[in-house]
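One structure below.
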Amino acid sequence: MRFEFLKNRLFLLMMCLVATAGLIVSVVQNKSRPAESASGGEESLTPPPKSSSPPTPPVDNQDWAHILINKKHPITHDFSIETVPIDDVPVDIRVAPYLNSLINEAKSQGINLGICSGYRNIQYQKKLYEKEIEKFMNQGLNREEAEAEAARHVARPGESEHHSGLAIDFYTYDEPEKNLTSDFLNTKQGRFLDKNAYKKGFLQRYPLGKEDVTGYTDESWHYRFVGDDAEKIKNSGLTFDEYWEKYYSRD
Ligand SMILES: [Zn+2]
Numbered sequence: 000m001r002f003e004f005l006k007n008r009l010f011l012l013m014m015c016l017v018a019t020a021g022l023i024v025s026v027v028q029n030k031s032r033p034a035e036s037a038s039g040g041e042e043s044l045t046p047p048p049k050s051s052s053p054p055t056p057p058v059d060n061q062d063w064a065h066i067l068i069n070k071k072h073p074i075t076h077d078f079s080i081e082t083v084p085i086d087d088v089p090v091d092i093r094v095a096p097y098l099n100s101l102i103n104e105a106k107s108q109g110i111n112l113g114i115c116s117g118y119r120n121i122q123y124q125k126k127l128y129e130k131e132i133e134k135f136m137n138q139g140l141n142r143e144e145a146e147a148e149a150a151r152h153v154a155r156p157g158e159s160e161h162h163s164g165l166a167i168d169f170y171t172y173d174e175p176e177k178n179l180t181s182d183f184l185n186t187k188q189g190r191f192l193d194k195n196a197y198k199k200g201f202l203q204r205y206p207l208g209k210e211d212v213t214g215y216t217d218e219s220w221h222y223r224f225v226g227d228d229a230e231k232i233k234n235s236g237l238t239f240d241e242y243w244e245k246y247y248s249r250d
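So for the sequence shown, numbering that gives the first Met the number 0 puts the first residue at 0; every next one is plus one.
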């Protein structure tokens, strides 16, 4: 039964991938290519772009996995992705195989790795942020103070990495009181992720002691898919924000 279900799910996933591949390719191409010249002449004197010459099949360069969303780089309005639910949590469809692989790896070590948050739209993030502001106002802060305090813990709408569909909040069913707290790092799940997540392309995004760079207090449960560079980034000791500025920024 379970196998049949997985098979069906895999088939559906494959169909979705086929259906969306064209869209993804065109989005990536639009992003990475300069605007076409207005003349549009076939016999242009400028040399053709390098990418058009080699007759090799297109390779996924994982640019999509390097998107930076933070307080300085909010999401753009034209941003959209295809999502698929994993344990009822929507994530970017391209991340799903890696996430499943990570969950299965944990399972093989006897660890039940839950996920509690993936893709979020702007409206939902707005609700979370407002709720956090309310919490601090109830503690006696005025609106302005509460907004500033809330932004240390919850991203403002448009600035959350969860809009990318590449960010995952992990969860433990064994010690629920440690979920979404610094203590998550000391759970079986937290330790497993700290040691293994990079092998599947995931990076802990808001480490302890880096609030001045990331803008957030530590979140040992929040991981972000970055693809094949995960090990390099982890070993660099840089946050993703810093690594991005150094190696991925096109400014
Ligand atoms: Zn998160």
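All C-beta atoms in this analysis are idealised placements derived from N, C-alpha and C, irrespective of residue type, glycine included.
- Proximity annotation: ligand 1 has residues 168, 221 in chain order, each selected because its CB is closer than 5 Å to a heavy atom of the ligand.
- Here the alpha carbons of residue 124 and residue 132 stand approximately 12 Å from one another.
- The region 110-123 and the region 133-140 do not touch, with fewer than 3 CB-CB distances between them shorter than 8 Å.
- Linking residue 146 to residue 152 through their CA atoms gives a straight-line distance of about 10 Å.
- In the structure shown, the three-state DSSP call for residue 88 is strand.
- Taking all protein chains shown into account, residue 210 has fewer than 16 neighbouring C-beta atoms within 10 Å of its C-beta and is therefore exposed.
- CA-CA distance, residue 226 to residue 139, rounds to 43 Å.
- Distances from the CA of residue 105 to each of 116, 72, 149, 186 were compared; the closest alpha carbon is that of 186.
- Membership of residue 239 in the alpha helix (DSSP H) is indicated by the continuous run 239-242.
- The C-alpha of residue 103 is placed about 44 Å away from the C-alpha of residue 142.
- Per DSSP, residue 114 is not a residue of any alpha helix (DSSP H); the beta strand (DSSP E) it occupies stretches across 112-116.
- Residue 232 carries a helical assignment under DSSP once its states are collapsed to helix, strand and coil.
- Around the beta carbon of residue 112, a 10 Å sphere encloses 16 or more other beta carbons of the protein chains shown; the residue is thus reported as buried.
- Going by C-alpha positions, residue 248 is about 9 Å away from residue 66.
- Rounded to whole angstroms, the gap between the alpha carbons of residue 160 and residue 92 is 16 Å.
- Its chain contains 226, 227 as the residues whose beta carbon lies nearer than 7 Å to that of residue 61, once the 5 sequence neighbours on both sides are disregarded; these appear in chain order.
- Counting along the chain, residue 213 sits inside the alpha helix (DSSP H) bounded by residues 210-213.
- Put simply, of 70, 190, 163 the residue whose alpha carbon is nearest the alpha carbon of residue 170 is 190.
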